[in-house]
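Q:
In our numbering, the protein residues as written are 1 to 74.
1. With a cut-off of 8 Å on the beta carbons, I'd call residue 24 and residue 6 a contact; round off their distance for me.
2. From residue 64 to residue 13, what distance separates their C-alpha atoms?
3. From 15, 31, 16, pick the residue whose C-alpha is nearest to that of residue 22; which is it?
4. Quick one: is residue 52 buried, meaning 16 or more other Cβ sit within 10 Å of its Cβ, or exposed?
5. Excluding the five sequence neighbours on either side, which residues of its own chain have a C-beta within less than 8 Å of the C-beta of residue 2, listed in chain order?
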């Protein structure tokens, strides 16, 4: 089952392209370089808000609303 939530960047390693997000409920969601690569983003900064799809196997997708293919600015 995939869950959709919003989270803030807690940590981001620019060399390894890995990091952690924190949901509004306080849950820490680590992400690996593959999840970051799928985002199409170049970098992240601490505190930045992201949309996240995650499941038992980790983060499947992360993105910024309005940035990327198929995203509309609202």
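C-beta: ideal position from N, C-alpha, C; glycine also.
A: The answer reads as follows:
1. 7 Å
2. 18 Å
3. When only C-alpha atoms are compared, the closest one is 31.
4. buried
5. 53, 54, 55, 60
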